[in-house]
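Working notes, structure below.
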Amino acid sequence: MHKQGGKANGVQLAVLNSRFEGVASKMSNTLYRTGRSGVLNRARDFSCCIVTAGGDLLTVSESLPIHVLSGPDMMARSMLEFHPEVKKGDAYVNNSPYHGCSHAADQTILVPVMDDEGRHRFTVLAKAHQADIGNSVPTTYHGEAKDVYEEGALIFPNVQIQRDYQDIDDIIRMCRLRIRVPEQWYGDYLAALGAARIGEKEIMIMARDVGWDALEEFSTQWLDYSEQRMIKALAALPAGSSTKTSTHDHFPGTPEGGVPITVHVNVDPENSKVVVDLTDNMDCMPCGLNLSEACSRTSAMIGIFNSIDHTVPKNGGSFRCIDVKLRQGCVVGIPDHPFSCSVATTNIADRVANGVQTAMAELGEHMGMAEAGAVIAPNAGVVSGVDHRSGKAYVNQIFLGFTGGAASASEDCWLTIGHVGNAGLCYQDSVEMDELYQPLHVYKRHIIQDTEGAGKFRGAPSFYCEFGPVGSSFEIGYVSDGNTNGAQGVRGGLCGGTSDQYLLKKDGAQEPLSPCAQVVVQADERIVAISTGGGGFGAPKERSIDRVVKDCRDGVISVERAKAIYGVDVDKTGMVDVAATDKMRAGD
Amino acid sequence: MRFATDTGGTFTDLIVEYDDGRWAMYKASTTPDDPVVGVINALAKAADDNQCDLTEFVSKGDVFIHGTTHAINAIITGNTAKTAIMVTKGHPDILLMREGGRSQPFNHTLRYPDPYVPRDLTFEIDERVNYAGDILTALDENSVITALDAIKNTDVEAIAVALLWSISNGAHEERIGALIEARLGKDFPYTLSHRLNPTLREYRRASSTSIDASLKPLMGRYLDTLTDRLSAAGFAGHVYVVSSQGGMMAARDMAGKPIHAINSGPSMAPISGRYYASRENKDQAVIVADTGGTTYDLSLVRDGQVPMTREMWVGEKYLGHMTGFPSVDVKSIGAGGGSIAWVDAGGMLHVGPQSAGSTPGPACYQNGGMDPTLTDASLVLGYLDPDFFLGGAMEISVPCARNAIEEKVAKPLGISIEQAAWDIVDLATENMTQAIVDITVNQGIDPASAILIGGGGAAGLNSTFIAKRLGCKKLIIPEVGAALSAAGALLSDLTTEHRKTHFVSTDSFDMPTVNAILDALKAKCMAFVEEAGDQVIDYQLTYKAEARYPNQVWEIEIPFAVEQFSSALDLEAMKQVFHENHKRIFAINDTDSEVEIVTWSVSVRCRICQNTMAGRLSGDGVEEVKANTRSIIFANEDRYEADIIRFEAMKENQTFNGPAIVESPFTTVVVDPQTQFSRTQDGSLILVPTQETTNA
């Protein structure tokens, strides 16, 4: 790639894109391997990306979708609004849901990439979910917080944290005093900073190679190419409108009937546009479930990108074809300060994305998806306490097993999707790692038979996890949606298993737990967490008999369910009664 | 006399090292149904060449080293043994849930991978040990016996046993092993996780145990057959098999831990590459690239160290299975001679990852392949001689290649066929370059400062371009480059490594326990040396720790200089090495922090090769081949009349200038106009590109 100016051809486009992707993946690798908290170095709850000087998303490493589709663009623009004169060596921290960040826990380091003349060319971002962000209670998902004050997070609306490549120690000191287990926080800050600095360095090396102007020309062209890809992908879709409602369970601070989220989707291939209208929803609520603007936009986009040709690049170019209509002060819109957005990346955001992809599924039989399962069950909660083995305090989000995958129009679920905004990118913890790093014990982990969202293509079964503290008590925070409203199927597909949670006392007695809570669990007590399954796509009786038999053999479904739901007469040895099956499947 | 054979997908390579140090290279077709036949055929060719019969020839051998893709092929084609797994009660879904993770977040067309052992062959055993090795629930032998009786009534051929925290206390697994032998017979294949792979994280340990058990019946048979049939052919020396970790294991030991054979073969390429590069410059990093038909295998040798990964996958990451073992870090991308070129709906060109394979093969093979490949592009550009492909053994068609490129690439992009052919080569070059950039830059190496080694029969087509793109100052194509792995096996030392997971922090360092562990690991290494017997010239022990900062979970491996820790100074020295390594790899460090050590390892390297002129083929420098030229095309459709030079006829240390084509029956090397080349005393071809102003 030795082009100096002028338009790049298909080959040169591919070459430079591959190099930008290389930069983003190197950033990710640094963050993953050097992070200190489990949420980063075990679960990989972070993202790295590159945006243009103008703030368009250009390149993303393989990252959680809810982190990056929209948000980095807003943060980069917000950085320039507050700091019009960015300089080489600067770094900024942004975790403000009112300024483009997803939620307060997603502390983001932004580094402006400057050329030798001091001109701002790109911005690199490393966003990392913190184990703690100084909330009033030890969780990064404060569902009950009636406002940002009760939430208590330290909020940084694009605050400068490095000058001339040196920390601005005032900021570091503030964080060390307010964020739990400060040395863990500092290690995580170093990891994110290292990632951003490596991104900066790599782009400068690229610029030395091909020239800054060629890089900018590439950016323009790459965004245009991505837009063209999106236009072609939309051209393959049927035109039409669809409305879906997905309801989040009742939590403290929400109406009794829960939070219905209604999405209107209009696909207009002729004008190369998809419009998602989210304005038809309630106002912000006095709890932590409100979406940040970044999450409102992104969750709508996830639903769209889950429903179309997956090879379309996701960046500022393809985004031109998407219009997300938002309303100021709306629970799925632009939040008014001081409403809290503590849980913005998961619960309500998932309802938006699920609504969009099921609405898309209603528009055509070869597109869209069922609903993915809801989160955050206690086995993905934030645990904290003092480790009796070392006498040291700990706080961390654990990932002891989530399924939740939704069926698509062409394949069964990806089992470990987590939730729709996560897309299965997060890793799951090893039992041994969790027992080593926290004074806890994991008694049982397994999928639950007959809880899959049945369908021609099926969703994930629910997951059962039984665990608890040993030697000392711990505190656990979680926000488990889906106790009432499971993941819906589409086009005849059925609902996935719902979630549940309870305490197992030492005497074996079960004590129900609230779905949104901060709970102290005593040593040798156990929490039972049941996470949601995912929805099915298409009628179960259209499912291939081979797949039904395999699910039986694997114990994912019982022979009774095979018969009742899928219309397949199979015995425990896998023998199918073809005549009986044909009859059941033909009937109804 | 020593033999090294490497059974690849297409060819079985053999290199013979005669007692006077001379080497000779032979190739026979691989016989997938019975790979030993290919090995014997290659030996027969060598015997012919020496004008003696097979038995007489083979009986002169002292050592036979074998690299094989048999294990990996069995996994890929689903021909492994039916395997059951025993796990701790309450945890049946370790292999199903894995460690999570996924690539392509918006691609919902991929099927979630089945567990390596299906759920209906998963047996829960009532027992539990905790992180400290305390037994919380004693082993319920009845649950084991019930499981074994159930297994007896199936066609299960092997059992994996992977209990939680068996790495802290292996008693329960040991007892289950005894019960398996008592119940199913002494020879029933099984694997215990703590014996095979004492590593933290239950998924990767269970996965390695399952894979290993499933390979035991097959690899046991194969390796016994190999040994027996070599004996039958008259061979009475040591038989070693190359391991994924770049060492050699006695064939019978490999039969007991066959998971180590998964990367057997490719793991030797970097050893070879290191050797040929070190003849030039010992200090430079070495990029070893092996070009096959469908994959491009890469590794990076730095500071003379063959690169290792702790996370080797069988198949694609997240879609395949984690072996849970370190391996020589050979990264494969879908780029090779058979990679298909195509244009997407947005008008963007792609090359690979799909490959035309050997059937139907590139369009020019005329076997029904309609898609243009890198090989077709090379033919159109004049790099390959249609009359001298594989030394003239195969007829290839220029019109077919041109037609495929025209239809699938030139027309959609609105460019000429020649331009399209160049673009295909250029993009393949870029993909390969990017793969090299990934492995180098990720480790903080500037590829421009490295030596590039081009191995594999197709390496010569674009290695010069790759070297230029990377800014490498030197490209080496070894004389035995077409059999890089077999050569590596002959150049390799006899090595083994023993590891023990034992967690300590530098702020509470338990010296006596650590020293006892190191002692025990050393003793195992010394037993290995003894067994290797008098072929060992000398040996060297290496001590390493896998360490990290508190709360990090991904360790980096650091060497330490002492066999036993005797003072705070020893500890401080190890901390410093860690801080320096962390900074080098990740651009940051935290020097105020303590360091945690998770795993201790001791390895031993026995030198068995005393041949100082190893790596050199005998019998070349043959007759002068008459001067010849061919019209070839580079960027911008620039056409050159290039000299055709026979590799074997090149004189040592004479400098040539591109454009040129260097040909041998094994390979074709394309040299562009800005590149100088010469042949070294080792017989290698060295190419020195003139650098452009740019830098990768």
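Protein chains in written order, with the working numbering: chain A, 15 to 602; chain B, 2 to 697.
We treat Cβ as the ideally placed atom computed from N, Cα and C, and that holds for glycine.
> How would you list, in chain order, the residues of chain B whose beta-carbon sits under 8 Å from the beta-carbon of A/GLU425?
Replying inline: Start at 1 with the first residue of the first sequence, and residue 425 of chain A comes out as number 411. Per Cβ cutoff of 8 Å: HIS109, THR110, LEU111 and ARG112.
> If we count Cβ pairs, one from each stretch, closer than 8 Å, do we get three or more for the stretch 84-91 of chain B versus the stretch 46-56 of chain B?
Replying inline: no
> Would the beta-carbon of B/ALA43 fall within 7 Å of that of B/ALA29?
Replying inline: Position 42 of the second sequence, counted from the first residue, corresponds to residue 43 of chain B. Position 28 of the second sequence, counted from the first residue, corresponds to residue 29 of chain B. Result yes, Cβ atoms of B/ALA43 and B/ALA29 sit closer than 7 Å.
> Do we get a CB-CB distance below 7 Å when we pair A/SER422 with the residues of chain B?
Replying inline: Along the first sequence, read from residue 1 onward, the residue named residue 422 of chain A stands at position 408. Judged by the 7 Å Cβ criterion, A/SER422 is in contact with chain B.
>> Check for me: the alpha helix (DSSP H) holding A/HIS97 runs from which residue to which?
In response: Taking the first sequence and counting its residues from 1, one reaches residue 97 of chain A at position 83. Looking at the DSSP string, A/HIS97 is not in any alpha helix (DSSP H), and its letter there is neither H nor E.
> Buried or exposed: B/ILE538, going by 16 or more other Cβ atoms within 10 Å of its Cβ?
Replying inline: As a working note, residue 538 of chain B is residue 537 in the second sequence. Per the 10 Å Cβ criterion, exposed.
> How many Å lie between A/THR359 and A/GLY415 at the Cα?
Replying inline: Position 345 of the first sequence holds residue 359 of chain A. Position 401 of the first sequence holds residue 415 of chain A. If I take the Cα positions, the gap works out to 19 Å.
>> Checking 7 Å against the spacing of the C-beta atoms, do A/ASP514 and A/ILE544 come in under that value?
In response: Walking along the first sequence from the start, residue 514 of chain A turns up at place 500. Walking along the first sequence from the start, residue 544 of chain A turns up at place 530. Going by C-beta atoms, A/ASP514 is nearer than 7 Å to A/ILE544.
>> Counting only beta-carbon separations shorter than 7 Å, does A/SER444 have a partner in chain B?
In response: Here residue 444 of chain A refers to the residue found at position 430 of the first sequence. By this cut-off, A/SER444 is an interface position.
> Taking any Cβ of chain B, which residues in the stretch 48-80 of chain A have a Cβ under 9 Å from it, in chain order?
Replying inline: THR48, GLY49, ARG50, SER51, GLY52, ASN55, ARG56, ALA57, ARG58, GLU76, SER77, LEU78 and PRO79
>> Are the CB atoms of B/ILE16 and B/ALA488 within a distance shorter than 7 Å?
In response: For this step, residue 488 of chain B is matched to residue 487 along the second sequence. For this step, residue 16 of chain B is matched to residue 15 along the second sequence. Yes, the pair counts as a contact, with Cβ atoms nearer than the cut-off.
>> Give the list of continuous alpha helix (DSSP H) stretches no shorter than 4 residues that lie fully inside the stretch 147-231 of chain A.
In response: 162-165, 183-192 and 196-224
> DSSP puts B/VAL157 in a beta bridge; with which residues?
Replying inline: Locating residue 157 of chain B in the second sequence gives position 156, counting from the first residue. The partner list for B/VAL157 (beta bridge, DSSP) is empty, contrary to what the question assumes.
> What's the gap between the Cα of B/GLY622 and the Cα of B/LEU542?
Replying inline: For the purposes of this step, residue 622 of chain B is identified with residue 621 of the second sequence, where counting begins at 1. For the purposes of this step, residue 542 of chain B is identified with residue 541 of the second sequence, where counting begins at 1. With a pLDDT of only 48 at B/GLY622, under the threshold of 50, the placement of this residue in the model should not be trusted; the figure read from the coordinates follows. Computed Cα separation, rounded: 41 Å.
> Using 8 Å as the Cβ pair cut-off and three pairs as the minimum, do the stretch 580-595 of chain A and the stretch 515-524 of chain A touch?
Replying inline: no
>> Let me confirm a value: B/GLN285 is counted as buried when at least 16 other C-beta atoms fall within 10 Å, else exposed. Which label applies?
In response: The residue labelled residue 285 of chain B in the question sits at position 284 within the second sequence. B/GLN285 comes out buried.
> When DSSP labels each residue in this structure, what does B/THR543 get in the three-state scheme?
Replying inline: Within the second sequence, residue 543 of chain B is the residue found at index 542, counting from 1. Reduced to three states, the DSSP call for B/THR543 is strand.
>> What does the alpha-carbon distance come out to for the pair A/ARG33 and B/MET527?
In response: The count along the first sequence starts at 1 and reaches residue 33 of chain A at position 19. The count along the second sequence starts at 1 and reaches residue 527 of chain B at position 526. Cα-Cα distance, rounded: 47 Å.
>> Judging by CA-CA distance, which residue of A/ASN361, A/GLU379 and A/MET383 is the nearest neighbour of A/GLN371?
In response: Locating residue 371 of chain A in the first sequence gives position 357, where the first residue counts as 1. Checking every option, the nearest Cα to that of A/GLN371 belongs to A/MET383.
>> For B/SER104, would you say it is in contact with chain A, using Cβ-to-Cβ distances shorter than 7 Å as the test?
In response: As a position in the second sequence, residue 104 of chain B is number 103, starting the count at 1. For B/SER104, the answer is yes, since a Cβ of chain A falls inside 7 Å of its Cβ.
> Which residues bound the alpha helix (DSSP H) around B/CYS1?
Replying inline: Here chain B has residues from 2 to 697 only, and residue 1 of chain B is not among them.
>> Less than 7 Å between CB atoms is the rule here; does B/ASP156 satisfy it with respect to chain A?
In response: On the second sequence, position 155 is the one that residue 156 of chain B refers to. Chain A, which has no Cβ nearer than 7 Å to the Cβ of B/ASP156, makes this no.
> Is it buried or exposed for A/GLY343, if we count other Cβ within 10 angstroms and need 16 for buried?
Replying inline: The sequence position of residue 343 of chain A within the first sequence is 329, counting from 1. Counting Cβ neighbours within 10 Å, A/GLY343 comes out exposed, since fewer than 16 surround it.
>> Strictly by DSSP, which residues pair up with A/GLN411?
In response: As a working mapping, residue 411 of chain A is identified with position 397 in the first sequence. DSSP output for A/GLN411 lists A/VAL396 as bridge partner(s).
>> Taking the alpha helix (DSSP H) that A/LYS339 belongs to, which residues open and close that run?
In response: Walking along the first sequence from the start, residue 339 of chain A turns up at place 325. A/LYS339 -> not in any alpha helix (DSSP H); beta strand (DSSP E) instead, spanning 336-339.
>> For B/ASP94, count the other beta carbons within 10 Å of its own beta carbon; 16 or more makes it buried, fewer makes it exposed. Which is it?
In response: Residue numbering aside, residue 94 of chain B sits at position 93 when the second sequence is read from its first letter. Under this definition B/ASP94 is a buried residue.
> Taking Cβ positions, are B/SER333 and A/GLU76 nearer each other than 7 Å?
Replying inline: Here residue 333 of chain B corresponds to residue number 332 of the second sequence, with the count starting at 1. Here residue 76 of chain A corresponds to residue number 62 of the first sequence, with the count starting at 1. No. Outside cutoff.
>> Below 8 Å on the Cβ atoms is my contact criterion, and I expect A/THR66 with A/GLU35 to pass it. Report the Cβ-Cβ distance as a whole number of Å.
In response: By 1-based counting over the first sequence, the position of residue 66 of chain A is 52. By 1-based counting over the first sequence, the position of residue 35 of chain A is 21. Rounded, the Cβ-Cβ distance is 15 Å, inconsistent with contact.
> Of all the residues that make up the stretch 572-596 of chain B, which are near chain A by a beta-carbon distance shorter than 7 Å?
Replying inline: PHE587, ALA588, ILE589 and ASP591
>> Could you check whether the Cβ of A/LYS246 sits closer than 7 Å to any Cβ belonging to chain B?
In response: Position 232 of the first sequence, counting from 1, holds the residue named residue 246 of chain A. It does; some Cβ of chain B falls within 7 Å.
> Would B/TRP343 count as contacting chain A if we go by Cβ distances under 7 Å?
Replying inline: For the purposes of this step, residue 343 of chain B is identified with residue 342 of the second sequence, where counting begins at 1. No - not a single Cβ of chain A is within 7 Å of the one on B/TRP343.
> Hey, would you say the C-beta of B/MET313 is under 6 Å away from at least one heavy atom of the ligand SAM?
Replying inline: Only the bare structure without any ligand can be found here, which leaves the ligand SAM out of the picture.
> Do we get a CB-CB distance below 7 Å when we pair B/GLN355 with the residues of chain A?
Replying inline: Locating residue 355 of chain B in the second sequence gives position 354, where the first residue counts as 1. No, its Cβ sits nowhere closer than 7 Å to a Cβ of chain A.
>> Could you compute how far the alpha carbon of B/ILE263 sits from the alpha carbon of B/VAL289?
In response: Locating residue 263 of chain B in the second sequence gives position 262, where the first residue counts as 1. Locating residue 289 of chain B in the second sequence gives position 288, where the first residue counts as 1. Approximately 19 Å between the Cα atoms of the pair.
> So what does DSSP say about B/GLY68, is it helix, strand or coil?
Replying inline: Translated into positions along the second sequence, residue 68 of chain B becomes position 67. Reduced to three states, the DSSP call for B/GLY68 is strand.
> What are the start and end residues of each continuous beta strand (DSSP E) run of 3 or more residues lying completely inside the stretch 57-135 of chain B, in chain order?
Replying inline: 64-69, 84-89 and 123-126
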